[in-house]
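Report on one structure; see the data block that follows.
In my numbering, the protein residues as written are 5 to 264.
Structure (structure tokens):
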């Protein structure tokens with residue numbers, strides 16, 4: 005998933021190996037379907053208007069995305085992909101011209117789902133499931149762990165985690181929150197078990213145009229360096245971490261760690 009992935013499975017080796025292989029297969033399946041940058045992926049074909057047909061899984065993900073769009077007061081928006089390519093321009097004039105043209109086509113109102121099909125009201129709106137699919141993959145990986153009755157596991161896909169049970173010695177998992185000013189060190193530690201953790205941060209990636217730096221979290225509040233959310237599922241943790249980075253004062257339903 006173009007990021008580092010880590011699995012810690014506390015189980016006999018044959019069971020752990022079988023589980024790891026099943027998780028790898030599932031992650032690759034999800035990545036192949038929803039990779040924004042792969043022109044052959046299902047998501048790319050939807051964006052190119054080459055197909056409108058939705059299988060149950062894709063329909064579920066898009067409906068959840070619409071649901072979170074409403075719950076986060078339109079902050080979590082998978083149609084942000086519509087303006088994503090604007091930040092590939094080499095000049096600020098080109099960037100601003102692109103934004104003027106495409107910003108009107110942002111918003112989950114721009115697509116609708118009827119029965120098992122998706123419909124857009126214009127040719128420009130694009131969808132990027134991005135971290136949403138990665139966090140969904142964490143939740144899917146957890147199902148493979150539970151299916152095999154493994155009682156203790158850590159699933160970490162690029163900093164999106166699920167902590168299943170406690171460590172074999174009975175202690176909780178100790179998770180570090182990075183220092184935004186020095187991502188090589190941790191500013192805080194959380195002791196957790198049986199929950200998901202996701203962090204959204206400005207310092208990880210971004211764009212630079214004419215020496216002006218832009219966060220990869222487009223339209224984010226750059227006064228907040230990072231937001232970490234603890235939730236029952238990784239999908240929810242990721243959504244609320246993103247929304248918190250965009251608007252730190254949002255009333256999130258889960259425990260958060262905000263770093264300015």
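Glycine included, each C-beta is placed from N, C-alpha and C at the ideal position.
Alpha-carbon spacing of residue i relative to residue j, whole angstroms
i, j, result
"residue 138", "residue 161", "7 Å"
"residue 220", "residue 16", "The pLDDT assigned to residue 220 is 47, lower than 50, so where the model puts this residue is not dependable; a value taken from the coordinates is nonetheless given after this. Roughly 41 Å separates the two Cα atoms."
"residue 61", "residue 144", "12 Å"
"residue 263", "residue 228", "6 Å"
"residue 251", "residue 261", "14 Å"
"residue 30", "residue 97", "43 Å"
"residue 22", "residue 244", "33 Å"
"residue 27", "residue 148", "7 Å"
"residue 89", "residue 172", "46 Å"
Short Cβ contact (8 Å threshold) for residue i with residue j
i, j, result
"residue 128", "residue 109", "yes"
"residue 133", "residue 47", "yes"
Neighbourhood of residue i by C-beta, 7 Å cutoff - its chain only, sequence neighbours within 5 removed
i, result
"residue 73", "80, 81, 112"
"residue 123", "56, 115, 116"
"residue 288", "Because residue 288 is not part of the residues shown, which for the chain are 5 to 264, the question remains open."
For residue i, the first and last residue of its enclosing beta strand (DSSP E)
i, result
"residue 51", "Element bounds for residue 51: not the beta strand (DSSP E) but the alpha helix (DSSP H), 46 to 51."
"residue 9", "9 to 13"
"residue 203", "199 to 205"
"residue 6", "First-last for residue 6: undefined, no H or E at that position."
Contacting residues, own chain, Cβ-Cβ under 6 Å from residue i (five flanking each side not counted)
i, result
"residue 153", "none"
"residue 247", "76, 79, 80, 254"
"residue 235", "200, 241, 258"
Same chain, Cβ closer than 8 Å to residue i, five either side skipped, listed in chain order
i, result
"residue 165", "142, 158, 159, 179, 200, 201, 202, 238"
"residue 42", "36, 48"
Please go through the region 45 to 111 and give each complete alpha helix (DSSP H) segment of 4 or more residues, from N-terminal end onward. Whole alpha helix (DSSP H) segments, 4+ residues: 46 to 51, 60 to 75, 96 to 106.
Enumerate, from N- to C-terminal direction, the unbroken alpha helix (DSSP H) stretches of 4 or more residues contained entirely within the region 130 to 202. Entirely contained in the region 130 to 202, the alpha helix (DSSP H) runs reaching 4 residues are, in chain order, 134 to 151.
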